[in-house]
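Here the UniProt record's numbering is used: position 95 in the sequence shown is 95, and no number is missing along the way.
Don't be surprised by glycine CBs; every beta carbon is placed ideally from N, CA and C.
Quantities reported herein were computed from a predicted structural model and do not represent experimental measurements.
Some notes on the structure that comes next.
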Amino acid sequence: MEQNFQNPQIFDLEIPDFDDLKLTAVSPKYLKIILFNLALFSVFLIGAIAVTFYFFYFNLSKVQALAIVTGIFLMIAFLFLNTLIGFKFRKYAVREKDLVYQHGWLKRSITIVPFNRIQHIKVEQGWFSKLLHLKSVSVFTAGVSGGDITVNGLPEDIAEGINNHIRGTISKENLENGGEA
């Protein structure tokens, strides 16, 4: 049985170059939300450890207690530093046929979701986001996880514009393919 299978190599020149893609940073006001949440977590963590030491008196030496306090301080400092440095890498782009989202500074991730793979879209606004006039846009795809994107920290008008653009594009493609809008 003879098979005529072909799988030609794609040369580097034929692969799209994403370095030329102009990404837009999320609103700087979103950093306030992240730092506020991180501060709440830090207060809770310090409080939980203080309560643990108060109710469950441990026979620790000064060196051991200092090591625990130093470790907690370093962990909280790293979380704040990670947030401040990583925030500048939170960027997005809306193109004609897809949505692109980049995040992370230690491990940079770029996720691209084609509009024709999107199952549904969700626009959300928390109470703190409402005070700062920010929204989040989440797009969900069918299939494996990792294809879903949530872009947080978008100004309200931009978030609604992205939502309307994606819905309009999907409806237009469905009509062109003979489906329902």
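Under 8 Å between C-beta atoms of residue i and residue j
i, j, result
"residue 166", "residue 115", "yes"
"residue 26", "residue 153", "yes"
"residue 34", "residue 83", "yes"
"residue 170", "residue 112", "no"
"residue 138", "residue 122", "yes"
"residue 21", "residue 100", "yes"
"residue 162", "residue 94", "yes"
Pairwise C-alpha distance: residue j and residue i
i, j, result
"residue 39", "residue 147", "30 Å"
"residue 164", "residue 134", "16 Å"
"residue 172", "residue 41", "44 Å"
"residue 50", "residue 88", "34 Å"
"residue 43", "residue 175", "53 Å"
"residue 66", "residue 53", "13 Å"
"residue 37", "residue 60", "31 Å"
"residue 96", "residue 29", "27 Å"
"residue 106", "residue 9", "32 Å"
"residue 75", "residue 24", "30 Å"
"residue 157", "residue 120", "19 Å"
"residue 131", "residue 79", "25 Å"
"residue 177", "residue 136", "30 Å"
"residue 72", "residue 81", "14 Å"
Burial state of residue i (16 or more Cβ within 10 Å)
i, result
"residue 149", "buried"
"residue 103", "buried"
"residue 92", "buried"
"residue 191", "The question about residue 191 has no answer here: the residues shown for the chain are numbered 1 through 181."
"residue 85", "exposed"
"residue 151", "buried"
Three-state class that DSSP yields for residue i in the structure shown
i, result
"residue 96", "coil"
"residue 25", "strand"
"residue 140", "strand"
"residue 104", "coil"
"residue 61", "coil"
"residue 88", "coil"
"residue 37", "helix"
"residue 165", "helix"
"residue 152", "strand"
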